[in-house]
Amino acid sequence: MNVARTAESVHVRAPGKINVYLGVGGRHDDGYHALATVFQAVSLYEDVIARHADDFSITVSGVEDPDSVPLDDRNLAMRAAKLLASAAGYDRGVALEIRKSVPVAGGMGGGSADAAAALVACDALWGTGFSTARLHELAARLGADVPFALHGGTAVGTGRGDQLNPALARGRFDWVLVPNELGLSTPVVYGRLDALREERGALADDPPLSLDVPIPVLQALRSGDPELLSESIYNDLQEAALHERPELETTILRGIHAGALQGIVSGSGPTIALLCGDPESAQQVQSELRVHGLESLHVHGPVPGARVIS
Ligand code: ATP
Numbered sequence: 001m002n003v004a005r006t007a008e009s010v011h012v013r014a015p016g017k018i019n020v021y022l023g024v025g026g027r028h029d030d031g032y033h034a035l036a037t038v039f040q041a042v043s044l045y046e047d048v049i050a051r052h053a054d055d056f057s058i059t060v061s062g063v064e065d066p067d068s069v070p071l072d073d074r075n076l077a078m079r080a081a082k083l084l085a086s087a088a089g090y091d092r093g094v095a096l097e098i099r100k101s102v103p104v105a106g107g108m109g110g111g112s113a114d115a116a117a118a119l120v121a122c123d124a125l126w127g128t129g130f131s132t133a134r135l136h137e138l139a140a141r142l143g144a145d146v147p148f149a150l151h152g153g154t155a156v157g158t159g160r161g162d163q164l165n166p167a168l169a170r171g172r173f174d175w176v177l178v179p180n181e182l183g184l185s186t187p188v189v190y191g192r193l194d195a196l197r198e199e200r201g202a203l204a205d206d207p208p209l210s211l212d213v214p215i216p217v218l219q220a221l222r223s224g225d226p227e228l229l230s231e232s233i234y235n236d237l238q239e240a241a242l243h244e245r246p247e248l249e250t251t252i253l254r255g256i257h258a259g260a261l262q263g264i265v266s267g268s269g270p271t272i273a274l275l276c277g278d279p280e281s282a283q284q285v286q287s288e289l290r291v292h293g294l295e296s297l298h299v300h301g302p303v304p305g306a307r308v309i310s
């Protein structure tokens, strides 16, 4: 008997991510930038529950502004479920319940986590039985960050960020995340980066279309030493994100002043990720930030990718 096929619902959890390193190269003809990045999945999770239904529908909870997340085909989880149904020749639908914890438009890949979770949940609910490789192939069609949300852990992403290779990371890294009520649009931040580069005449000296992650970043992850990692975390989008939100620089400086080893804009922002030496120092950073009216979350990484919970 196929147990998955008889289940009434499937609950999957998928993590948000931080880009420990994000190098952005030139723009390809299809509009995507060449990337070399190191993703780390962190312990801030999206929960997706899939239930049998004739049609496709989505409900979302855990967001302050209900209008911030589309409930139609613009929702990445909806697109994931429909893509899987079409690939599997499944002719019914699914009711997806999304419980969000990852900040919306926060640069932490929340929508991508929802899509990865929806793929895994519908595969189990419908008894599709797709291989991990097949799910990865579908994930890559949904968006550059979706394969990583399936994969989890720590991984190097090249190409558009979707060509993944696992990276060795020892131990655990403690991060304090400072979310922002107002999300930042990823295309706006990339557009700002292009404009800043153009202003500097970077077009005469075109950014490369193929890049690598610097060796010291990978060595630091392998060592498990947060101090070493703090010397090499880097984000090419940071300047553009700070240009859009200058106040984020103060958040980074406050975090470092409070004892964080280093701070960085996560992905396209506006979430700030502060790397801390251990859980105690993370707690201390949190309480100092609170004095300045900044609420934060203490997470750790790496954690696994999308997993069936029940
Ligand atoms: P990116 O992965 O591009 O860096 P992000 O992590 O900054 O994005 P997300 O929360 O994934 O931000 O969503 C960005 C936008 O995508 C949202 O503003 C929203 O309009 C749309 N979106 C589509 N599907 C979802 C989803 N399941 N959850 C949240 N937003 C979604």
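In terms of my numbering, the sequence shown opens at residue 1 and continues consecutively. Glycine included, C-beta positions come from ideal geometry on N, C-alpha and C. These figures come from a predicted structure and were not determined experimentally.
I18 is not a Cβ neighbour of E97, given a cutoff of 8 Å. Within its own chain, the residues whose Cβ lies closer than 7 Å to the Cβ of A113, once the five positions on either side in sequence are excluded, are A14, P15, G16, E46, V102 and A149, listed in chain order. Per DSSP, the unbroken alpha helix (DSSP H) holding A241 starts and ends at Q238 to E244. Nearest Cα to P279 within the set S86, R192, G129 and G171: G171.
Closer than 7 Å to some heavy atom of the ligand ATP: that does not describe the Cβ of P214. Counting C-beta pairs closer than 8 Å gives three or more between the segment 30-47 and the segment 168-186, which meets the contact rule.
Contact annotation: L142 and D123 have beta-carbon atoms that are not nearer than 8 Å. According to the DSSP assignment, V94 belongs to no alpha helix (DSSP H) but to the beta strand (DSSP E) extending over G93 to R99. G106 sits away from P187, with the two beta carbons spaced by 8 Å or more. The Cβ-Cβ distance between V104 and D236 does not fall below 8 Å.
At a cut-off of 7 Å, the beta-carbon of G191 does not count as near the ligand ATP: no heavy atom of the ligand is closer than that.
Here the distance from the Cβ of T186 to the nearest heavy atom of the ligand ATP is below 7 Å.
Between G301 and the set H33, L184, A167 and R245, the nearest pair of CA atoms involves A167.
Contact check for L209 against G31 fails: the beta carbons are separated by 8 Å or more. Between the C-alpha atoms of E295 and V94 there is a straight-line separation of about 36 Å. Here H151 is buried, its C-beta having at least 16 other C-beta atoms within 10 Å. Counted as a single uninterrupted DSSP element, the beta strand (DSSP E) harbouring Y45 occupies residues H33 to A53.
Residue burial is scored here from C-beta neighbours: V285 has at least 16 other C-beta atoms within 10 angstroms and is therefore classed as buried. By the neighbour-count criterion, in which a residue is buried when 16 or more other Cβ atoms sit within 10 angstroms of its Cβ, N165 is exposed.
The C-alpha of Y190 is placed about 20 Å away from the C-alpha of G263. Distances between the C-beta of L209 and the heavy atoms of the ligand ATP are all 7 Å or more. Cα atoms of A116 and A80: separation of roughly 8 Å, rounded to the nearest angstrom. Between G305 and G153, the beta carbon gap of about 7 Å places them in contact (Cβ cut-off 8 Å). If you draw a straight line from the Cα of D73 to the Cα of C276, it is about 39 Å long. For V69, the CB falls within less than 7 Å of some heavy atom of the ligand ATP. 8 Å or more divides the Cβ of H28 from the Cβ of A36.
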